[in-house]
Amino acid sequence: MRRLLHPNQLRAGDRVRDMRIVRRLGVGGYAFVFLVERKSRRAVMKMAALPASQADEDRVDAWMRREVLSLECVEHSHLLPVREWGRWPDPEAGHAYFVTPYVPASTFHVWRWRERASLHRAVGVLCELLKPLEALHERGVCHRDIKADNVLVREGDDRPFLIDFGAVHLPWARPLTEGLAPGTLYCQPPEAIAFLASEAARRGSRLEARPSADLYTFGVLLYETLTGCRPFNTGWPMEELLVAIASTPPLEPQLLAPEAPASLCALASRLLAKEPGQRPLSARAIREELERLRKEEGHTEAWQVPAKPPSECARAKERFPDVDVLEMTREESPRPALPLPRRWARGLALVLVLGLLGVGWMLLRMALVSSGEDGFHAEPTAPAFPASTEKGTQSVPSAPSTEAPPAPPAPTPEPSRLCAVLTRLLGVAAAQFVGCATLPERPDPIGYLASCPPEARATPVKLGFALEENPSFLYPGSPATPASDDPIEEGGPLNLKPGPVSAYMSANVNGQEVEFIISGEAVTLPQRVYIRFDRLHLPDGSLLPICGVAVNGLHEYGLETFAKVPTRGVKIDPDKVDKSPGSVVLDGPRFETVLQGPEGYPVPRISLAPPDWR
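Under my numbering, the first residue of the sequence shown is numbered 1, with each subsequent residue one higher.
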């Protein structure tokens with residue numbers, strides 16, 4: 001029987017207490033989400049990616065407890081109540097989890113596209129969504145991460161539910177972080193970006209949570225609903241995106257969607273105002289305005305046109321090539337929202353101080369000055385407290401994969417780490433200009449699988465492998481060495497060098513789980529690691545040819561490096577970081593392997609990561 005130690009090991013049929021895992025629903029910045037069943041009744045369980053730890057600088061365990069407290073303190077028909085909380089597998093020191101009712105639903109945009117919902121219908125859902133936001137704001141609570149992926153629309157009656165309170169602000173609770181709370185980067189309001197710029201010169205403060213920030217993010221949601229596009233292009237380099245959010249108005253909604261009602265476009269533009277004081281006064285005021293417009297104009301043709309899926313929004317892209325059109329994603333595995341931990345904010349502040357943003361820095365400073373009294377307000381932050389030991393939902397760690405305990409601040413950039421950061425922020429040319437080595441060519445995993453020889457394609461069928469992504473763990477030892485005191489075998493972070501590599505792979509063979517060793521080669525880039533496997537070791541020591549590639553939890557080729565995504569809570573020891581050329585740090589050994597079969601043999605649907613993630 002398998003010994004389950006980490007939520008990333010949980011599979012259908014496994015048990016957490018008296019709950020049976022039905023399937024994994026998704027992976028987020030803090031936790032894993034599962035559909036579970038108890039006595040034939042289904043529920044949703046959110047489980048921390050890391051166990052409780054006193055060394056957790058980013059306070060992810062406390063964020064989990066805060067999420068539960070926020071759901072317990074505000075009861076509303078559009079919020080999902082907490083039915084149970086606890087820890088697993090150890091009831092005192094394990095991974096925190098909590099359970100909420102299961103709602104058969106889709107995220108907001110997916111619901112619009114699948115239902116071909118008219119604007120009249122979609123605005124009706126948004127009006128209902130504003131009601132729990134009103135209730136939260138009346139109690140001084142701010143959600144701080146409103147977006148389409150955090151709005152579920154129930155099948156049958158279109159009732160919306162606001163979910164994911166992992167970044168919530170509770171007015172009576174002590175601060176958990178300096179700077180910004182976790183959130184989604186492209187949804188951050190301008191005053192938050194200006195605050196980040198100010199952090200380059202001022203430490204020990206945090207951004208005061210205000211309802212106006214929630215209203216801004218609701219404006220992002222309304223803008224996307226009207227246009228099918230994001231206000232700012234998430235594919236831009238980070239410095240360009242931040243400068244745009246802080247200082248540049250988005251394209252007028254009617255330029256992207258001429259058929260959209262002018263009244264709704266005007267409201268969206270007001271919600272996205274750079275100055276918080278220029279936005280509507282409250283969630284209630286927005287709801288009342290939307291309800292009035294829906295009543296007065298809802299019968300017109302513009303309000304009755306069915307929603308267009310992204311595939312039918314090519315006209316906007318043709319007219320404005322730089323626009324960021326929404327994409328239809330597989331709902332079961334949404335891309336995790338990148339959190340904004342203190343490490344990230346400090347890194348950005350360092351970039352600003354060094355002047356790497358040039359004109360962008362000046363624009364941010366202009367935005368900072370212009371925000372004035374209605375802009376951000378910095379509050380002193382209390383010293384960090386030790387992790388709480390009070391009984392209750394302790395908190396949630398944040399990162400997918402068999403991760404190690406929480407992390408201290410990111411280590412002082414070593415040359416290889418600095419080059420990775422410079423490459424990500426400034427591009428390869430600028431990184432090379434300051435002395436970084438030329439990067440190896442990115443592998444082609446699709447081409448590798450397509451050119452797989454017949455004898456290698458035959459292996460999965462010969463062994464009776466089930467059609468699925470196979471859970472895999474990098475084999476400890478060269479070229480995978482620990483990057484902290486946490487053993488790789490227990491999910492600790494690791495250094496990985498380019499070259500030959502081996503891994504354990506669990507495969508479903510005729511209904512039974514069998515473990516194999518697979519071997520191949522790794523190619524390491526600053527942002528991503530690509531691994532292709534060509535040999536499978538049978539228990540008797542013989543070898544079979546295979547064609548396999550490593551994929552991440554988002555069904556994408558390759559694995560993100562710690563330089564690309566500094567996973568919250570993962571502890572890296574600077575003294576154990578391998579600084580040799582080409583070596584990168586991964587936050588854990590866990591990944592999935594996809595094997596190529598014969599012609600016509602079905603394989604899981606895998607995609608390339610977005611361009612700036614490759």
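No residue lacks a Cβ here, since even glycine has one placed at the ideal position from N, Cα and C. As the structure is a prediction and not an experimental result, all values here were calculated from the model.
Where residue i sits in the DSSP three-state scheme
{"i": "tryptophan 111", "result": "helix"}
{"i": "phenylalanine 195", "result": "helix"}
{"i": "tryptophan 63", "result": "helix"}
{"i": "tyrosine 601", "result": "coil"}
{"i": "isoleucine 146", "result": "coil"}
{"i": "alanine 307", "result": "coil"}
{"i": "arginine 365", "result": "Any answer about arginine 365 is weak, because its pLDDT of 44 lies below 50 and its placement is not dependable; what the coordinates show is given next. Three-state result, arginine 365: helix."}
{"i": "serine 247", "result": "helix"}
{"i": "valine 570", "result": "coil"}
{"i": "isoleucine 531", "result": "strand"}
{"i": "serine 451", "result": "coil"}
{"i": "phenylalanine 473", "result": "strand"}
{"i": "glutamate 441", "result": "coil"}
{"i": "glutamate 92", "result": "coil"}
{"i": "tyrosine 223", "result": "helix"}
{"i": "leucine 554", "result": "coil"}
{"i": "leucine 10", "result": "coil"}
{"i": "arginine 315", "result": "helix"}
{"i": "alanine 285", "result": "helix"}
{"i": "leucine 525", "result": "coil"}
{"i": "valine 68", "result": "helix"}
{"i": "serine 106", "result": "strand"}
{"i": "leucine 152", "result": "strand"}
{"i": "serine 607", "result": "strand"}
Cut-off 8 Å between Cβ atoms - residues of its own chain near residue i, not counting five sequence neighbours on either side
{"i": "arginine 287", "result": "Cys127, Leu130, Lys131, Glu134"}
{"i": "valine 72", "result": "The sequence shown places glutamate at residue 72, rather than the valine named in the question. Hits under 8 Å: Pro81, Val82."}
{"i": "arginine 618", "result": "Beyond the ends of the chain as shown, which are 1 and 614, falls residue 618; an answer cannot be given."}
{"i": "histidine 537", "result": "Phe516, Ile517, Ile518, Ser519, Leu543"}
Beta-carbon contacts of residue i that lie in its chain and below 6 Å, excluding the five residues immediately before and after
{"i": "methionine 505", "result": "Asn470, Ser472, Phe516, Ile518, Thr593"}
{"i": "arginine 23", "result": "Ala12, Leu35"}
{"i": "tyrosine 10", "result": "This sequence places leucine at residue 10; tyrosine is not what is there. Hits under 6 Å: Ile21."}
{"i": "alanine 122", "result": "Arg112, Thr225"}
{"i": "alanine 609", "result": "Glu556"}
{"i": "valine 33", "result": "Leu25, Gly26, Lys46"}
Residues bridged to residue i (per DSSP)
{"i": "cysteine 229", "result": "Val325"}
{"i": "phenylalanine 562", "result": "Beta-bridge pairing links phenylalanine 562 to no other residue."}
{"i": "leucine 595", "result": "Gly548"}
{"i": "methionine 19", "result": "Val16"}
{"i": "proline 26", "result": "Looking at the sequence provided, one finds glycine at residue 26 rather than proline. DSSP, once it has assigned bridges, lists Val33 as partnering glycine 26."}
{"i": "leucine 496", "result": "Ala480, Val584"}
{"i": "phenylalanine 516", "result": "Met505"}
{"i": "glutamate 468", "result": "DSSP, once it has assigned bridges, lists no residue as partnering glutamate 468."}
{"i": "arginine 292", "result": "DSSP lists no partner for arginine 292."}
{"i": "tyrosine 97", "result": "Met47, Gly86"}
{"i": "arginine 38", "result": "Arg41"}
{"i": "histidine 537", "result": "Ile517, Leu543"}
{"i": "histidine 169", "result": "Cys142"}
{"i": "arginine 116", "result": "The partner list for arginine 116 (beta bridge, DSSP) is empty, contrary to what the question assumes."}
Endpoints, the beta strand (DSSP E) within which residue i is located
{"i": "serine 506", "result": "499-509"}
{"i": "arginine 279", "result": "Where arginine 279 is concerned, there is no enclosing beta strand (DSSP E), given that its DSSP letter is neither H nor E."}
{"i": "lysine 46", "result": "41-48"}
{"i": "arginine 87", "result": "84-88"}
Where the alpha helix (DSSP H) through residue i begins and ends
{"i": "leucine 543", "result": "Unbroken run through leucine 543 is the beta strand (DSSP E), 543-551; no alpha helix (DSSP H)."}
{"i": "threonine 459", "result": "454-463"}
{"i": "arginine 159", "result": "Here arginine 159 belongs to no alpha helix (DSSP H), and DSSP marks it neither H nor E."}
{"i": "glycine 124", "result": "119-138"}
{"i": "proline 253", "result": "253-256"}
{"i": "cysteine 265", "result": "262-271"}
Sequence-distant residues of its chain with Cβ nearer than 7 Å to residue i (five each side left out)
{"i": "proline 498", "result": "Ala522, Val523, Thr524, Gly582"}
{"i": "threonine 481", "result": "Leu494, Asn495, Asp578"}
{"i": "glutamate 489", "result": "Pro476"}
{"i": "glutamine 487", "result": "One point to set straight first is that residue 487 is proline, not glutamine, in the sequence displayed. Here the set comprises nothing."}
{"i": "threonine 107", "result": "Ala148, Asp149, Val151, Leu152, Glu331"}
{"i": "proline 602", "result": "Leu467"}
{"i": "methionine 295", "result": "The sequence as given places lysine at residue 295; methionine does not occur at that position. No residues qualify anywhere along the chain."}
task = Could you say if the segment 113-120 and the segment 299-311 meet the contact criterion of at least three C-beta pairs nearer than 8 Å?
result = yes
request  = Count the CB pairs spanning the segment 147-157 and the segment 275-291 that are closer than 8 Å, and state whether there are at least three.
outcome  = no
query = Counting Cβ pairs, one atom from each stretch, are 3 or more of them under 8 Å apart for the segment 85-101 and the segment 214-229?
reply = The segment 214-229 and the segment 85-101 do not touch, with fewer than three beta-carbon pairs separated by less than 8 Å.
contact_flag[the segment 222-239, the segment 263-273] where n(CB pairs < 8 Å) is 3 or more = With the cut-off at 8 Å, the segment 222-239 and the segment 263-273 touch.
task = Specify whether the segment 541-558 and the segment 571-587 touch according to this definition: at least 3 beta carbon pairs, one from each stretch, less than 8 Å apart.
result = They do not touch, by the three-pair rule.
query = Per the contact definition of three or more C-beta pairs closer than 8 Å, is the segment 450-462 in contact with the segment 590-604?
reply = yes
query = Can at least three beta-carbon pairs, one atom from the segment 223-242 and one from the segment 307-323, be found at a separation below 8 Å?
reply = yes
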